[in-house]
Amino acid sequence: MSRIFVHGTGAISPAGWGVAALREALEKNVPLPGQAMARPGWEKPLSIRPVPPPSPRPAFFAHARLRRAGAMAQHTVAAALEALGGDAERVQAGELRLGVIVCMMAGGVAYSRRFYEEVLRDPATASPLIFPETVFNAPASHLGAYLNSPTINYTLVGDQGTFLQGLALAADWLDDGRADGCVVVGAEEMDWIVADAIRLFQRDTIFAAGAGAVYLKKNPEAAIELASITDSFTFTKKKVRLDAAQKMELQLPTGGAGELLCASESKKFSQVNLPGQRLEPKSILGEAFVASAAWQCVAACDALFQKKFTAANVSVIGANQQAIGARFQRTEIL
Amino acid sequence: MLFLSSKKSGSANRVVITGAGIVTALGAGWKLNAEGFRAGRTAIRPVTLFDVSRQRTKIAAEIDLPEILPRTHLSEKNLRRISRAGRMLLLAAHEAWTQSGWQPEENLPVVLGTTSGEMQLGQDYLEQAICSPHRSKKQATRVAYYQVQRQGLDLCDAFGFQGPITIIANACASGSNAIGHAFEMLRHGRAEKVLAGGYDALCHLTFAGFDSLQALAPTPCRPFDEERNGLTLGEGAAMLTLETLASAEKRGAEILGEIIGYGATTDTHHLTQPHPEGNAALAAMDAACASAKISPAKIAYVNAHGTATPQNDATEAVAINRWAGEGAKNLAVSSTKASIGHLLGAAGAAEAVVCLMALRGQWLPPEISLGKIDPVCRFQVVREPTDKKIETALSNSFGFGGANASLIFRRWA
């Protein structure tokens with residue numbers, strides 16, 4: 001297996017547009033304020049953490065494929081472009097084969113809800129402009145089109161841990177020579193129907209939206225290396241969550257006090273007891289499913305880029321599918 | 335570990351199929367489907383699952399699902415909660431699993447392709463959520479079972495194994511991508527066995543969506559017909575048990591066929607329309623041939639994506655003409671969507687099983703309803719039941735968003 005390096009990260013989150021905004025919010029370590037979102041038929045609004053509007057408006061919004069696209073596609077492209085940096089132009093010029101993996105759990109729910117509401121009113125007049133955007137792979141398609149990238153492009157669906165599965169798949173594609181670089185994006189979008197659904201399971205959870213991206217390449221060597229990704233330990237009705245979390249923990253190197261643990265759950269509820277300084281982005285940003293796992297990885301890599309730690313573990317115990325972990329480390333210590 | 339930089343890469347393995355399960359409007363199981371495809375039977379009929387009185391099109395290839403599901407490790411309560419798409423998936427997986435002779439194990443990857451999973455439950459959720467007075471009854475169960483990972487987890491529990499579960503949602507190429515991804519895992523030594531396939535059920539949202547795009551034909555679809563007027567939606571599931579040749583031989587398993595190539599590309603032209611020259615489709619077929627290390631001349635039959643929309647078939651025909659070159663005139667091509675409609679995320683998986691059937695039975699699936707063949711087709715569109723010696727078959731799947739995938743299968747002799 002080849003060595004795989006992190007060549008960039010990107011984040012669009014309730015903290016703002018860019019990794020710097022994410023870093024600043026996490027360093028403050030204060031939960032971002034929630035906002036009210038109307039829920040049809042209810043007087044009491046739902047509490048959410050949306051992505052603030054960009055300022056200035058990114059130029060790519062004017063691209064023919066993105067003008068009518070939803071927020072999730074825009075966030076996906078923005079996070080990917082930040083992660084790709086100068087390589088975006090090389091992809092557009094046909095000089096670099098870019099694999100694209102976009103991961104999500106709820107997907108394009110806002111468009112699905114809008115379209116189905118139109119169907120319920122009168123299927124004969126439901127909008128043909130909305131329907132294509134309901135398809136899971138619309139954001140990945142828009143990203144591929146914006147970058148003019150004909151290379152392999154997958155959309156993966158599953159719980160939060162799917163983002164780490166996406167990183168492992170990207171590493172496989174790079175190792176197999178299917179692509180010269182791979183951008184992995186985790187994205188979710190804001191809609192009252194998702195916030196409403198979360199409330200049924202976790203009454204105090206605040207739904208957030210946005211995207212996070214990690215850009216991987218085999219060569220050249222970079223400051224951060226993807227060292228490992230554990231197996232995906234599924235939990236089903238017959239396989240319990242705690243057991244899966246413990247198996248995942250056993251596969252992650254225990255590391256030391258000078259390392260970072262970027263965890264999906266607060267220590268209070270944690271099933272993972274790895275050493276190291278603990279960071280819990282979800283407690284500050286809110287629950288954004290696969291985007292939350294992406295922000296964990298972005299935050300872990302960013303802390304290594306900032307030379308605050310020598311290595312970082314990311315542990316993700318998903319909502320209803322899997323426990324999975326990843327380890328990133330600075331290359332000069334190898 | 336899914337990834338470990340110090341792990342040794344595996345050597346190139348041969349990948350074989352030891353079990354196949356299929357559920358379509360032609361029926362449940364290999365036998366009924368093989369008979370139907372061989373005869374070119376059409377299973378398209380008026381929609382009964384939801385109200386289509388306000389739609390332009392009123393037909394689809396609906397499945398008569400059996401009342402009783404096969405006996406597995408799932409509880410009665412769990413079985414009652416599984417909706418239409420999950421039931422189809424379970425039926426197909428059970429057939430493949432039983433045929434393969436696999437036993438439960440701790441690390442058996444599952445790769446599924448779907449476009450909408452249990453969308454019916456999502457529809458039910460929304461309908462209740464916007465009702466007044468508000469009721470929460472059954473809503474949590476709908477959320478839990480709506481999510482596509484739930485269907486994968488139910489397979490784990492049904493047959494007593496443990497994931498990982500990968501779900502690829504690349505629109506209408508999802509089923510082919512799922513099988514292709516499983517093929518690559520096995521070929522590169524990342525697994526010894528993988529359960530892979532696709533599933534999708536008819537639902538009002540999707541039906542109305544394709545109708546809104548005016549992509550649906552008011553009459554049963556006729557792929558590659560000069561006067562084709564759109565696609566017909568179908569539903570179903572197909573699953574394959576894939577393993578390395580070494581694993582199958584070690585078990586003394588019956589081998590149904592071999593997967594030898596996979597190509598996947600992206601058409602960046604438009605969200606819902608292919609590039610008129612079929613560049614990405616051509617690239618996917620070329621990539622599959624390169625992966626299989628064979629030339630197009632070695633392919634005897636192409637199971638085309640062939641949705642019967644004017645644009646898809648014209649583009650695919652151009653791509654096949656370019657790909658096959660001079661050999662196009664001897665190449666047999668058909669689209670089995672004429673029999674079972676377009677299964678969306680299940681299409682590629684079902685059509686993979688059709689290719690297996692054709693290779694094992696040495697016949698070609700015809701399009702009985704075909705009228706005048708579009709002159710753009712330089713290849714032979716199969717229109718009558720035909721027995722023919724074929725060694726290799728290629729299956730195309732092209733989806734919304736420009737997801738293109740091609741798979742190549744070889745007869746196991």
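Going down the list, the protein sequences come from chains A and B.
For the first sequence, the tail end lands on 334 under our numbering, and the numbers increase by one without skipping.
For the second sequence, the tail end lands on 747 under our numbering, and the numbers increase by one without skipping.
Glycine included, C-beta positions come from ideal geometry on N, C-alpha and C.
message = By the DSSP assignment, the beta strand (DSSP E) with S668/B in it spans what residues?
response = Translated into positions along the second sequence, residue 668/B becomes position 334. A666 to S668 is the span of the beta strand (DSSP E), which, as asked, contains S668/B.
task = Give the residues from the segment 239-262 of chain A that approach chain B closer than 7 Å (Cβ to any Cβ), ordered along the chain.
result = Against chain B - using a Cβ distance shorter than 7 Å - the residues of the segment 239-262 of chain A are K239 and Q251.
query = Expressed to the nearest angstrom, what Euclidean distance is found between the alpha-carbon atoms of L334/A and V183/A?
reply = Along the first sequence, read from residue 1 onward, the residue named residue 334/A stands at position 334. Along the first sequence, read from residue 1 onward, the residue named residue 183/A stands at position 183. Residue confidence is low: L334/A scores 45 on pLDDT, short of 50, so the model does not pin down where it sits. No coordinate-derived value is stated.
request  = Measure from the C-beta of Y111/A to each C-beta in chain B and report whether the shortest distance is under 8 Å.
outcome  = For the purposes of this step, residue 111/A is taken as residue 111 along the first sequence, with counting starting at 1. No, Y111/A lies away from the interface with chain B (no Cβ there is under 8 Å from its Cβ).
query = From P281/A, I317/A and L129/A, pick the residue whose C-alpha is nearest to that of L164/A; which is it?
reply = The residue you call residue 164/A lines up with position 164 of the first sequence. Cα-wise, what sits closest to L164/A is I317/A.
ask   = Applying a beta-carbon distance threshold of less than 8 Å, which residues of chain A neighbour R469/B?
value = For the purposes of this step, residue 469/B is taken as residue 135 along the second sequence, with counting starting at 1. Going along chain A, no residue has its Cβ under 8 Å from R469/B, so there is no contact; the nearest lies around 11 Å.
query = Applying a beta-carbon distance threshold of less than 7 Å, which residues of chain A neighbour R282/B?
reply = Since the first residue of chain B shown is 335 and the last is 747, residue 282/B is not available in this structure.
message = Against chain B, which members of the segment 63-87 of chain A pass a CB distance test of less than 8 Å?
response = For the segment 63-87 of chain A, the beta-carbon criterion of a distance under 8 Å to any beta-carbon of chain B is satisfied by R65.
query = Is there at least one Cβ from chain A nearer than 8 Å to C623/B's Cβ?
reply = As a position in the second sequence, residue 623/B is number 289, starting the count at 1. Judged by the 8 Å Cβ criterion, C623/B is not in contact with chain A.
inquiry  = Strictly below 8 Å CB to CB, what residues from chain B border E225/A?
reply    = Numbered from 1 along the first sequence, position 225 holds the residue referred to as residue 225/A. Within chain B, the C-beta atoms nearer than 8 Å to that of E225/A come from S339, in chain order.
task = Compare the C-beta of L200/A with all C-beta atoms of chain B and state if any pair is closer than 8 Å.
result = Here residue 200/A refers to the residue found at position 200 of the first sequence. Yes, L200/A counts as interfacial toward chain B.
message = Counting only Cβ pairs nearer than 7 Å, list the residues of chain A close to C490/B.
response = Taking the second sequence and counting its residues from 1, one reaches residue 490/B at position 156. Listed along chain A, the residues sitting closer than 7 Å to C490/B by beta-carbon distance are T234 and T236.
query = Of all the residues that make up the segment 5-39 of chain A, which are near chain B by a beta-carbon distance shorter than 7 Å?
reply = Correct list: empty, as no residue qualifies.
key: Environment of Q483/B [buried if 16+ CB atoms lie within 10 Å]   = Mapped onto the second sequence, residue 483/B falls at position 149. With 16 or more other CB atoms across the displayed protein chains lying within 10 angstroms of its CB, Q483/B is buried.
task = Can you tell me which of the three DSSP states Q306/A falls into?
result = Here residue 306/A corresponds to residue number 306 of the first sequence, with the count starting at 1. Coil.
key: Endpoints, the alpha helix (DSSP H) within which A71/A is located   = Along the first sequence, read from residue 1 onward, the residue named residue 71/A stands at position 71. Here the alpha helix (DSSP H) through A71/A covers A71 to L84.
inquiry  = Would you say I333/A lies against chain B (beta-carbon separation less than 8 Å)?
reply    = For this step, residue 333/A is matched to residue 333 along the first sequence. At I333/A, the pLDDT of 46 sits below 50, so the modelled position is not reliable; the number obtained from the coordinates is stated separately. With a threshold of 8 Å between beta carbons, I333/A makes no contact with chain B.
query = Is the Cβ of T382/B closer than 8 Å to any Cβ of chain A?
reply = As a working note, residue 382/B is residue 48 in the second sequence. It does not: the Cβ of T382/B has no partner Cβ on chain A nearer than 8 Å.
request  = Would you identify the three-state DSSP class for L334/A, choosing helix, strand or coil?
outcome  = Numbered from its first residue, the first sequence carries residue 334/A at position 334. Only weak support is given to the placement of L334/A: the predicted model assigns it a pLDDT of 45, under 50, and the value that follows is read from those uncertain coordinates. Coil, per DSSP.
request  = With a threshold of 16 other CB atoms inside 10 Å of the CB of S315/A, please say whether the residue is buried or exposed.
outcome  = For the purposes of this step, residue 315/A is identified with residue 315 of the first sequence, where counting begins at 1. Buried is the call here.
Per-residue contacts from W42/A into chain B (C-beta, under 8 Å) = Translated into the one-based positions of the first sequence, residue 42/A becomes position 42. Neighbours of W42/A on chain B, chain order: H468.
query = With a cut-off of 8 Å, does the C-beta of A394/B fall near any C-beta of chain A?
reply = Residue mapping note: residue 394/B aligns to position 60 of the second sequence, counting from 1. Not closer than 8 Å to any Cβ of chain A, the Cβ of A394/B fails to qualify, so no.
task = Go ahead and label T475/B buried or exposed: buried means 16 or more other beta carbons lie within 10 angstroms of its beta carbon, across all protein chains shown.
result = As a position in the second sequence, residue 475/B is number 141, starting the count at 1. Within a 10 Å sphere around the beta-carbon of T475/B sit fewer than 16 other beta-carbons, which makes this residue exposed.
request  = Drop a sphere of 10 angstroms on the beta-carbon of D204/A, count the other beta-carbons inside from all chains shown, and report buried for 16 or more, exposed for fewer.
outcome  = Reading the first sequence from its first residue, position 204 is the one you call residue 204/A. Using a 10 angstroms sphere on the CB of D204/A, the tally of other CB atoms stays under 16, which defines it as exposed.
inquiry  = So A638/B and S669/B are supposed to be a Cβ contact under 8 Å. How far apart are they, rounded?
reply    = Numbered from 1 along the second sequence, position 304 holds the residue referred to as residue 638/B. Numbered from 1 along the second sequence, position 335 holds the residue referred to as residue 669/B. Contact between A638/B and S669/B holds: CB atoms are separated by about 5 Å, below the 8 Å threshold.
8 Å Cβ cutoff, M335/B in contact with chain A = The residue you call residue 335/B lines up with position 1 of the second sequence. Output row for M335/B: interface = yes.
message = Within 8 Å of any Cβ in chain B, is that where the Cβ of P220/A sits?
response = Stepping through the first sequence from its first residue, residue 220/A is reached at position 220. Output row for P220/A: interface = no.
query = chain B partners of D231/A, CB-CB under 8 Å?
reply = Locating residue 231/A in the first sequence gives position 231, counting from the first residue. Contact of D231/A with chain B by beta-carbon distance below 8 Å involves M335, L336, N441 and P498.
query = To the nearest angstrom, how far is it from the Cα of L565/B to the Cα of V100/A?
reply = Translated into the one-based positions of the second sequence, residue 565/B becomes position 231. Translated into the one-based positions of the first sequence, residue 100/A becomes position 100. Going by the C-alpha atoms only, they are around 29 Å apart.
ask   = Given that a residue counts as buried once 16 or more other Cβ atoms are within 10 Å of its Cβ, and exposed if not, what is S345/B?
value = In the second sequence, residue 345/B corresponds to position 11, counting from 1. Answer is exposed; the Cβ neighbour count stays below 16.
message = Quick check: is the beta carbon of H538/B nearer than 8 Å to any beta carbon in chain A?
response = Working through the second sequence from its first residue, we reach residue 538/B at position 204. Interface flag for H538/B against chain A is set, since a Cβ pair is found closer than 8 Å.
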